[in-house]
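Structure first, then comments.
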Amino acid sequence: MTALSHRITALDESATIKMAQLSRDLKAKGHDIIDLSLGEPDFDTPEHIREAAKLAIDTGYSHYTPVAGYPDVRQAISRKFERENGLRYDAAQIVISNGAKQSIINTVLCLVNPGDEVILPAPYWVSYKAMVQLAEGEPVVLSTTISSDFKITPEQLQAAITPKTKLMIFSSPCNPTGSVYTRSELEALAAVILQYPDLYVISDEIYEHINFMGKHASMASVSGMYERTITVNGLSKAYAMTGWRLGYLGAPLDVAKAVDKMQGQYTSAANSITQRAVIAALEGSEEPLRNMQAAFLQRRDLVLSLLKHIDGLKYNIPQGAFYFFPDVTAYFGRSFGHHQITDADALCMYLIEIGGVSVVTGSAFGDPNCIRLSYATSEEVLKEAIRRMEKALEQLT
Ligand code: PMP
Ligand code: GLU
Numbered sequence: 000m001t002a003l004s005h006r007i008t009a010l011d012e013s014a015t016i017k018m019a020q021l022s023r024d025l026k027a028k029g030h031d032i033i034d035l036s037l038g039e040p041d042f043d044t045p046e047h048i049r050e051a052a053k054l055a056i057d058t059g060y061s062h063y064t065p066v067a068g069y070p071d072v073r074q075a076i077s078r079k080f081e082r083e084n085g086l087r088y089d090a091a092q093i094v095i096s097n098g099a100k101q102s103i104i105n106t107v108l109c110l111v112n113p114g115d116e117v118i119l120p121a122p123y124w125v126s127y128k129a130m131v132q133l134a135e136g137e138p139v140v141l142s143t144t145i146s147s148d149f150k151i152t153p154e155q156l157q158a159a160i161t162p163k164t165k166l167m168i169f170s171s172p173c174n175p176t177g178s179v180y181t182r183s184e185l186e187a188l189a190a191v192i193l194q195y196p197d198l199y200v201i202s203d204e205i206y207e208h209i210n211f212m213g214k215h216a217s218m219a220s221v222s223g224m225y226e227r228t229i230t231v232n233g234l235s236k237a238y239a240m241t242g243w244r245l246g247y248l249g250a251p252l253d254v255a256k257a258v259d260k261m262q263g264q265y266t267s268a269a270n271s272i273t274q275r276a277v278i279a280a281l282e283g284s285e286e287p288l289r290n291m292q293a294a295f296l297q298r299r300d301l302v303l304s305l306l307k308h309i310d311g312l313k314y315n316i317p318q319g320a321f322y323f324f325p326d327v328t329a330y331f332g333r334s335f336g337h338h339q340i341t342d343a344d345a346l347c348m349y350l351i352e353i354g355g356v357s358v359v360t361g362s363a364f365g366d367p368n369c370i371r372l373s374y375a376t377s378e379e380v381l382k383e384a385i386r387r388m389e390k391a392l393e394q395l396t
């Protein structure tokens, strides 16, 4: 047996990716599985973006790019930040990476020293905790419930801060709860953060455009927070480009330079072809984006109407992203055949094996009472998936 490092043996496998792989494996063996585990749009990437990438291939964009990305692409991102978020980041403050996931780990590795505490409002996105652990930081999890729409309060934040606190990481719209912080809620959190000059925030805004509440609010645009915030975004969700791998951040110049140095040793840069498609995505026709947004809202409402018939589930009404995060504690202690529902993990295994529906356990997101289901799939598939879930859950006694 190879003596692998403690770093990797202690690392949890990504639960979202694990469930998606389990679904693929079961499907390959002939099982009929509906996969609501992986959070990715089912749409094709809009045509004008695909055309931009094809042109890049045919016109010789085949070399390494500058580590932080092509200057004109960073300028397009700079314009996006100003236009959509009211944020002024120069191109030098922007670093493009292979997905928002890499933007986040780059930042965590640049800011967190061993032993530093990192506040994670829970439910949090699955990889934040693993990233903090990779940096040998200490995750400090702030629990929330449906009653506060899964959002933390300023008092909760204040109580969690210690002299070791370095960073807070959160997403709004939130994966997995779909909760969206309003500007005034962000201002109230900022009032606490600004009392601590060494405390930074990674504001993960990857679901910015899947927001049913109206205008998106960026933490960095709250008075005083610009110097404390690393704003992360990307193309995966809004433009249905998960496989293209393109994320970016805007940050104070010293943080952006540190991330550039880190990335120079890790991956050199993001993919050149994908980078050339960024300008088309950010500055081309918005029609495909609007159509996808409308479809997500319609699906959210459909799932809401279907879940109403399942008595055991309690949930908030998601205002963004494309997930439901129901509390499933009503089923704990029940069983069917050899399936004992001891916790949310067991319920997920039951749902995939007996119901033929793949979802992700809430424990991966810091809430062991819930499960996450993604509704980024067609209405037809959603209807069948919820029908299966309902049937499987009814069988539990
Ligand atoms: N942050 C959140 C909250 C996410 O759900 C995801 C998953 N796609 C990411 C970051 C990473 O996205 P990307 O595909 O850009 O790496
Ligand atoms: N972010 C998506 C999710 O939460 C994709 C999987 C991943 O990157 O973990 O399902």
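For reference, each letter of the sequence shown is one residue, going 0 to 396 in the working numbering.
Think of the CB as a built atom: it goes at the ideal place given N, C-alpha and C, for glycine as much as any other residue.
In the DSSP output, what is residue 371 paired with across the bridge?
359
Closer than 7 Å by C-beta to residue 380: which residues in its own chain qualify, once you throw out the five before and the five after it? Chain order, please.
33
In whole angstroms, what separates the C-alpha of residue 15 from that of residue 37?
Straight-line Cα distance between these residues: approximately 6 Å.
For residue 132, which option in 11, 3, 81 has the closest C-alpha, if you only look at C-alpha atoms?
11
C-beta contact flag for residue 64 and residue 238 at 8 Å:
no
Pairs of beta-carbons, one from the stretch 296-311 and one from the stretch 67-77, closer than 8 Å: are there three or more?
no
Could you tell me whether the stretch 287-296 touches the stretch 337-357, using the rule of 3 or more Cβ pairs below 8 Å?
no
I'd like to check one pair, residue 395 with residue 334: are the Cβ atoms closer than 8 Å?
With respect to the 8 Å criterion, residue 334 and residue 395 are classified as neighbours on the basis of their beta carbons.
At which residues does the alpha helix (DSSP H) containing residue 53 begin and terminate?
46-57
I need the straight-line Cα distance from residue 343 to residue 360, nearest angstrom please.
5 Å
How big is the Cα-Cα spacing for residue 161 and residue 262?
30 Å
I'd like to confirm something about residue 176: is its beta-carbon nearer than 7 Å to some heavy atom of ligand 2, or not?
no
For the alpha helix (DSSP H) holding residue 241, just list the boundary residues, first then last.
No alpha helix (DSSP H) contains residue 241, which DSSP labels as neither H nor E.
Could you give the distance in angstroms between the alpha-carbon of residue 293 and the alpha-carbon of residue 331?
36 Å
Let me make sure I understand the geometry here. Which of 372, 386, 368 has the alpha-carbon closest to that of residue 398?
The first residue shown for the chain is 0 and the last is 396, placing residue 398 beyond what the model contains.
Residue 80, DSSP secondary structure in three states:
helix
For residue 178, which residues from the same chain have a beta carbon less than 8 Å from its beta carbon, with the 5 sequence-adjacent residues on both sides left out?
148, 149, 150, 171, 172, 315, 317, 318, 319
So is the beta-carbon of residue 243 under 7 Å away from any non-hydrogen atom of ligand 2?
no
Beta bridge counterpart(s) of residue 141 as assigned by DSSP
According to DSSP, which records beta bridges pairwise, residue 141 is partnered with 120.
Helix, strand or coil: which one does DSSP assign to residue 169?
strand
For residue 398, which beta-bridge partners are listed by DSSP?
Because the chain here runs from 0 to 396, residue 398 falls outside it and cannot be looked at.
Look up residue 206 in the DSSP assignment and give the residues it is bridged to.
Answer is none; residue 206 lacks a bridge partner.
Need the endpoints of the beta strand (DSSP E) that residue 263 sits in, please.
First-last for residue 263: 252-265, but that is the alpha helix (DSSP H), not the beta strand (DSSP E).
I want to check one thing, is the minimum distance from the CB of residue 235 to the heavy atoms of ligand 4 below 7 Å?
Looking for ligand 4 in the displayed structure turns up nothing; the ligands present are ligand 1 and ligand 2.
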